[in-house]
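Undergrad: Take this structure first; my questions come after.
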Amino acid sequence: MGRRWLLRLRTVAALWIISTFLWGSAFAEGMLIPVGEPVGIQIQTDGVLVAGTTELQAGAETAAPAREAGIRAGDVIISVNGQRVDSAASLMAAVDGLGGSPAEVTVRRDGETATFTVTPAPADDGGGRLGLWLRDGVAGIGTITYIDPETGSFGALGHGVNDVDTGVLLPVGEGALCRAKILDVKPGLSGAPGELSGAFDGDGVIGRIDCNTSCGIFGAVTGDMSGLRQAIPIGTPEEIVSGPATILACVSGQTVEEYEVEISRTGMAAGSGRDLMVRVTDPDLLAQTGGIVQGMSGSPILQNGRLVGAVTHVLVNDPTRGYGIFIETMLEAQQRAA
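In the numbering used here, each number is its position in the sequence shown, counted from 1, plus 3.
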């Protein structure tokens with residue numbers, strides 16, 4: 004966690020959740036601080052994700068123990084013979100301790116648990132192997148959408164953090180939010196989405212990540228919140244109109260700027276992260292990025308003095324346009340996860 008990361012921003016990145024009580028304050032007051040700042044995201048999964056299965060050479064034979072037992076990509080391994088595993092290292096240690104004996108491997112799949120009997124293949128070092136590609140964490144950079152000024156709870160990204168190979172929404176075991184800065188921009192072109200490159204310091208933790216949902220990541224800010232914008236009212240979908248709006252985004256360093264956009268369509272597919280469409284009209288942002296680029300997910304959308312949504316996706320064939328999610332949809336997802 005103490006290393007300095009240099010990573011590309013991707014649309015699969017950002018924020019967290021606290022309790023139902025804390026959620027109640029933000030929603031009841033109807034006031035949130037729009038942010039738009041880049042942050043480093045570090046997530047340790049709850050269990051160990053199976054990114055894939057593979058065949059192993061055992062003498063003259065080949066075997067795929069996990070696959071043959073019924074384990075598949077996208078499963079999350081939570082225990083071996085009843086022993087909890089929370090990292091790839093702890094899983095490998097548990098398997099090595101079996102001495103080649105069959106093991107009961109319990110996984111979480113599609114919200115349910117299932118147990119499979121797996122016999123490890125012998126390894127050259129005397130341990131055992133199951134024939135699995137594993138993933139137990141992810142790190143990247145994303146954008147904070149909002150902070151509740153009363154509780155410090157926040158939301159980011161407007162979409163979930165998914166495993167790049169399986170598409171599975173990563174379950175959060177532990178997560179940290181760190182200070183970050185934007186170092187470079189690759190402008191978007193038709194057919195070739197642009198992206199932001201940034202860096203963050205794993206020691207500069209300013210918050211915790213509690214939950215990863217399809218509508219964003221949620222948690223609580225624990226660091227200094229001074230210097231932020233004033234809280235503004237939440238805008239409901241009914242209050243959003245086609246026409247001028249702005250987004251808050253950082254495309255250089257740590258400075259957040261307000262850029263002009265136009266909301267062209269609303270109510271497209273509620274809950275999909277494509278609730279509305281925005282088109283960048285600001286000449287400065289177009290000159291710097293070509294429009295919306297990967298890494299801007301979570302950038303707040305403001306209209307008529309209200310926080311109405313967050314940028315979520317770019318249109319591959321037209322980087323000047325992208326989709327957004329209603330802020331109300333993010334808040335509802337945060338409430339469900341509490």
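Positions of the beta carbon are idealized from the N, C-alpha and C atoms, including for glycine.
1) Residues bridged to residue 338 by DSSP?
2) Which residue's Cα is closest to the Cα of residue 226: 242, 218, 209 and 56?
3) Please list, in chain order, all residues of the same chain as residue 324 whose beta carbon is under 6 Å from its beta carbon, the five residues on each side excluded.
4) If we count the other Cβ atoms within 10 Å of its Cβ and call it buried at 16 or more, is residue 31 buried or exposed?
5) If you count every other CB in all the chains shown that lies within 10 Å of the CB of residue 258, and 16 or more means buried, which is it?
6) Can you tell me which of the three DSSP states residue 314 falls into?
7) If contacts are defined as beta-carbon pairs under 8 Å, then residue 156 and residue 221 qualify, I think. What distance do you get, rounded to the angstrom?
8) Take the Cβ of residue 173 as the centre, count every other Cβ of all protein chains shown within 10 Å, and call the residue buried at 16 or more, exposed below.
9) By DSSP, does residue 323 sit in helix, in strand, or in coil?
10) Nearest to residue 294 by alpha carbon, out of 60, 198 and 114?
11) What residue from 299, 70, 311 and 95 has the CA that sits closest to residue 82's CA?
12) Locate the alpha helix (DSSP H) running through residue 91, then write down its first and last residues.
13) Note down the Cα distance separating residue 164 from residue 219, rounded to an integer number of angstroms.
14) Name the two residues that bound the continuous alpha helix (DSSP H) containing residue 291.
15) With burial defined as no fewer than 16 other Cβ atoms inside 10 Å of the residue's Cβ, what is the status of residue 339: buried or exposed?
16) Would residue 98 pass as a contact of residue 80 if the rule is Cβ separation under 8 Å?
17) Does residue 4 pass the burial test, meaning 16 or more other C-beta atoms within 10 Å, or should it be called exposed?
18) Identify which residue in 287, 341, 117 and 269 has its Cα closest to the Cα of residue 329.
19) Enumerate in chain order the residues of its own chain whose CB-to-CB distance from residue 73 is below 6 Å, with the five nearest sequence positions on each side excluded.
20) Between residue 341 and residue 215, what straight-line distance do the alpha-carbon atoms span, to the nearest angstrom?
21) Just verifying my parser: in three-state terms, what is the DSSP assignment at residue 125?
22) In chain order, what residues of the same chain have a beta carbon less than 6 Å from the beta carbon of residue 191, not counting five sequence neighbours either side?
23) Residues in the same chain with beta-carbon distance under 7 Å from residue 320, minus the five sequence neighbours each way, listed in chain order, please.
24) Output needed for residue 92: all residues of its chain with C-beta closer than 6 Å, excluding positions within five of it in sequence on either side, in chain order.
25) I need the boundaries of the alpha helix (DSSP H) containing residue 69, first residue and last residue.
26) Should residue 87 go down as buried or exposed, given a rule of 16 or more other Cβ atoms within 10 Å for buried?
27) Compare the C-alpha of residue 76 against each of 170, 189, 228 and 65 and name the closest.
28) Do residue 43 and residue 182 come within 8 Å of each other at the CB atom, strictly closer than that value?
29) Should residue 40 go down as buried or exposed, given a rule of 16 or more other Cβ atoms within 10 Å for buried?
30) With a floor of 3 residues, list each beta strand (DSSP E) that falls wholly inside the segment 109-166, ordered by position along the chain.
31) When the Cα of residue 141 is compared with those of 150, 109, 104 and 212, which residue comes out closest?
TA: This is what the structure holds:
1) Indexing the sequence shown from 1 puts residue 338 at position 335. Bridge partners of residue 338: none, in fact.
2) On the sequence shown, position 223 is the one that residue 226 refers to. The residue with the shortest Cα to Cα distance from residue 226 is 209.
3) Numbered from 1 along the sequence shown, position 321 holds the residue referred to as residue 324. 282 and 318.
4) By one-based count along the sequence shown, residue 31 stands at place 28. Note that residue 31 scores a pLDDT of 42, beneath 50, so its modelled location is shaky and nothing firm can be said.
5) Counted from its first residue, the sequence shown places residue 258 at position 255. Residue 258 is exposed by the Cβ-count criterion.
6) Residue numbering aside, residue 314 sits at position 311 when the sequence shown is read from its first letter. Correct three-state label for residue 314: strand.
7) Taking the first residue of the sequence shown as position 1, residue 156 is located at position 153. Taking the first residue of the sequence shown as position 1, residue 221 is located at position 218. The pair is a contact, with the Cβ atoms about 7 Å apart (cut-off 8 Å).
8) Within the sequence shown, numbered from 1, the residue matching residue 173 stands at position 170. It is buried - the Cβ of residue 173 has at least 16 other Cβ atoms within 10 Å.
9) Within the sequence shown, numbered from 1, the residue matching residue 323 stands at position 320. Of the three classes helix, strand and coil, the one that applies to residue 323 here is strand, per DSSP.
10) Start at 1 with the first residue of the sequence shown, and residue 294 comes out as number 291. Ranking the options by Cα distance to residue 294, first place goes to 198.
11) By 1-based counting over the sequence shown, the position of residue 82 is 79. Residue 95 is the option with its Cα nearest to residue 82.
12) For this step, residue 91 is matched to residue 88 along the sequence shown. Unbroken alpha helix (DSSP H) run through residue 91: 91-99.
13) Sequence index remark: in the sequence shown, residue 164 carries index 161 (1-based). Sequence index remark: in the sequence shown, residue 219 carries index 216 (1-based). Rounded to whole angstroms, residue 164 to residue 219 spans 8 Å at the Cα level.
14) The residue given as residue 291 occupies position 288 in the sequence shown. Residue 291 -> alpha helix (DSSP H) spans 286-292.
15) Counting from one through the sequence shown, the residue named residue 339 turns up at place 336. The residue in question, residue 339, is exposed, as its Cβ has fewer than 16 Cβ neighbours within 10 Å.
16) Taking the first residue of the sequence shown as position 1, residue 98 is located at position 95. Taking the first residue of the sequence shown as position 1, residue 80 is located at position 77. No, these two residues do not count as a Cβ contact at 8 Å.
17) Locating residue 4 in the sequence shown gives position 1, where the first residue counts as 1. Here residue 4 scores only 37 on pLDDT, less than 50, and its place in the model should not be relied on; the value that follows carries that caveat. Exposed, by the Cβ-count rule.
18) As a working mapping, residue 329 is identified with position 326 in the sequence shown. The shortest C-alpha separation from residue 329 is found at 269.
19) The count along the sequence shown starts at 1 and reaches residue 73 at position 70. So the qualifying residues of the chain are 119.
20) In the sequence shown, counting from the first residue as 1, residue 341 sits at position 338. In the sequence shown, counting from the first residue as 1, residue 215 sits at position 212. Taking the straight line joining both Cα atoms gives about 11 Å.
21) Taking the sequence shown and counting its residues from 1, one reaches residue 125 at position 122. Residue state, collapsed to three classes: strand.
22) Looking up residue 191 in the sequence shown gives position 188. So the list reads 197, 293, 294, 296 and 322, once near-sequence residues are dropped.
23) For the purposes of this step, residue 320 is taken as the residue at position 317 of the sequence shown. So the list reads 193 and 194, once near-sequence residues are dropped.
24) By one-based count along the sequence shown, residue 92 stands at place 89. The answer is none, since no qualifying residue turns up.
25) The residue you call residue 69 lines up with position 66 of the sequence shown. 68-72 is the extent of the alpha helix (DSSP H) around residue 69.
26) Start at 1 with the first residue of the sequence shown, and residue 87 comes out as number 84. Exposed, by the Cβ-count rule.
27) Along the sequence shown, read from residue 1 onward, the residue named residue 76 stands at position 73. Taking the Cα of residue 76 as reference, the smallest distance to any Cα among 170, 189, 228 and 65 is reached at 170.
28) What you label residue 182 is simply residue 179 of the sequence shown in a count that begins at 1. What you label residue 43 is simply residue 40 of the sequence shown in a count that begins at 1. Contact: yes.
29) As a position in the sequence shown, residue 40 is number 37, starting the count at 1. It counts as buried.
30) 115-121, 135-150 and 156-159
31) By one-based count along the sequence shown, residue 141 stands at place 138. For the residues 150, 109, 104 and 212, the minimum Cα distance to residue 141 belongs to 212.
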